[in-house]
Amino acid sequence: HDRNLFTIYFGGGTPSLMEPGYIHEIINHIKNNFTVDENAEVTLETNPGTVDLNKFIEFKNAGINRISVGIQSFNKDELKFLTRIHDSETAYQTILNAHEAGFENISLDLIFNLPGQTKQKWMSNLEKAVTLPVKHISAYSLILERGTILNKMVIDGKVEMQDEDYDAELYEETIDFLEAKGFEQYEVSNFAKPGYKSIHNKAYWDYTEYLSFGTSAHSFINNKRWWNYSSLKFYIAAIEKMNHAVTGSEILTEEEMTEEYVMLALRGEGLHLDKLQNRFGNEWINRNNEYLSSLIKDQFIIKKNNFLKFTKKGYALCDEILSNLN
1 HDRNLFTIYF GGGTPSLMEP GYIHEIINHI KNNFTVDENA EVTLETNPGT VDLNKFIEFK
61 NAGINRISVG IQSFNKDELK FLTRIHDSET AYQTILNAHE AGFENISLDL IFNLPGQTKQ
121 KWMSNLEKAV TLPVKHISAY SLILERGTIL NKMVIDGKVE MQDEDYDAEL YEETIDFLEA
181 KGFEQYEVSN FAKPGYKSIH NKAYWDYTEY LSFGTSAHSF INNKRWWNYS SLKFYIAAIE
241 KMNHAVTGSE ILTEEEMTEE YVMLALRGEG LHLDKLQNRF GNEWINRNNE YLSSLIKDQF
301 IIKKNNFLKF TKKGYALCDE ILSNLN
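So the sequence shown is numbered by our numbering: it starts at 1 and just counts up by one.
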């Protein structure tokens with residue numbers, strides 16, 4: 001309760017299905033129990049088709065000042081493949097409605113490297129996105145995860161995934177295109193107009209502490225991480241019985257925190273070696289010095305004023321590179 005909150009984020013699922021009055025109650029409850037910065041970023045995740053113009057106006061009056069819209073694609077066949085309920089026109093109109101309601105800070109999400117997605121189809125998605133009044137674009141590569149319908153379709157031979165080289169090619173073209181349109185890359189998948197980098201996202205990548213509520217919510221304070229029940233039934237029962245819904249926790253070691261700090265910084269805007277040294281000492285730098293030198297030599301990372309940052313080529317292979325650090 002003694003902390004100054006500078007970002008509030010309603011995400012996970014579709015919080016825009018809630019009534020604006022309920023969102024207003026939650027924001028007021030947070031403000032009554034914590035010190036909230038007067039310029040705090042307050043984001044609401046929305047999906048096309050769940051919010052009309054009037055509801056956007058009500059959300060703005062409730063205290064929301066940033067909207068993030070899960071568009072995913074403007075292509076009819078791709079939306080069908082992703083089992084989205086909206087069409088391209090609804091996606092367009094959702095962004096326009098948010099803007100008309102007075103939201104200046106609007107973000108949208110897109111997914112690339114879908115099965116059968118040509119470069120032309122993906123670039124068409126990007127071209128449509130930049131014509132809209134958005135200040136932030138997140139572009140994610142489709143990930144194949146165990147236990148998903150997509151994974152079963154691939155195993156059954158119904159769908160063929162694109163190869164990694166094609167994925168990297170699309171990704172590098174995405175960076176070039178968005179930067180040419182005035183969107184600066186500030187994390188692997190995130191691009192923003194000047195002054196519109198997500199404060200909430202940056203807080204994660206700067207290894208800032210956070211407190212979360214709701215099913216599956218994870219919190220991180222004082223070197224401790226804990227998480228809530230994912231089942232709504234168990235979540236409610238636990239709160240009624242114990243006044244909290246925590247189902248697991250861990251105390252992070254110095255080494256674990258160092259690794260997370262480095263990984264998040266490199267995925268984001270870069271790693272200040274001086275800051276790393278001040279916070280965690282020299283051990284990680286000494287351990288990885290040789291590998292880092294090879295990454296710099298091969299132009300996957302640039303080093304300037306004791307600051308490490310991925311190049312475009314490095315960002316494309318960042319998961320592999322990060323897994324090789326120790």
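Ideal Cβ placement from N, Cα and C applies to all residues, glycine included. Please read these numbers as outputs of a predicted model, since none were measured by experiment.
If the five residues before and after Phe307 are omitted, its C-beta is found closer than 6 Å to the C-beta atoms of Gly270 and His272, all from its own chain and listed in chain order. The three-state reading of DSSP puts Ser249 in strand, counting E and B together. A distance below 7 Å between beta-carbons, with the five flanking residues on each side excluded, links Ala129 to the following residues of its chain, in chain order: Leu108, Leu110 and Ile137.
In this structure Thr43 is in contact with Phe10, their Cβ atoms being roughly 7 Å apart against a cut-off of 8 Å.
Ala40 counts as buried, since at least 16 other C-beta atoms from the protein chains shown sit within 10 angstroms of its C-beta.
Here Lys181 carries a coil assignment [DSSP, helix/strand/coil]. For the pair Met123 and Glu164, the CB atoms are not nearer than the 9 Å cut-off. Annotation: Trp284 to Leu292 spans about 11 Å, alpha carbon to alpha carbon. As a beta-bridge residue in DSSP terms, Leu108 pairs with Val69 and Ile137. Boundaries cannot be given for Asn75, as no alpha helix (DSSP H) includes it and DSSP labels it neither H nor E. For the pair Phe191 and Phe220, the Cα-to-Cα distance works out to about 26 Å. In the same chain as Leu114, and ignoring 5 residues on each side of it, the C-beta atoms closer than 6 Å to its own belong to Glu78 and Leu142, in chain order. For Ser323, the number of other beta carbons within 10 angstroms of its own is below 16, and it is reported as exposed. Taking the CA atoms as reference points, Phe74 sits about 19 Å from Asp167. A distance of 9 Å or more separates the beta carbons of Leu232 and Thr247.
Checking the DSSP bridge columns, you'll see Arg225 partnered with Phe220 and Glu250.
DSSP, reduced to helix, strand and coil, places Tyr196 outside both helices and strands of the structure shown, so it counts as coil. Straight-line spacing of the CA atoms in Gly157 and Lys76 works out to 23 Å. Only residues of its own chain outside the window of five on either side were considered, and among them Ser212, Arg225 and Trp227 have a CB closer than 7 Å to the CB of His218, listed in chain order. The secondary-structure analysis by DSSP pairs Lys60 with nothing; it has no beta-bridge partner.
Going by DSSP, Ala40 is part of the beta strand (DSSP E) stretching over Thr35 to Thr46. In chain order, Thr43, Glu45 and Ser107 place their CB closer than 6 Å to the CB of Ser68, counting only its own chain and leaving out the 5 sequence neighbours on each side. Counting along the chain, Asn306 sits inside no alpha helix (DSSP H), nor does DSSP assign it H or E at all. Gln72 has its alpha-carbon roughly 16 Å from the corresponding atom of Gln120. Listed in chain order, the non-local C-beta contacts of Phe177 below 6 Å within the same chain comprise Leu126, local neighbours out to five positions each way being set aside. Membership of Phe10 in the beta strand (DSSP E) is indicated by the continuous run Asn4 to Phe10. Straight through space, the alpha carbons of Tyr204 and Ala316 are spaced by roughly 21 Å. When C-alpha distances from Leu252 are compared across Glu209, Ser230 and Ala238, the shortest belongs to Glu209.
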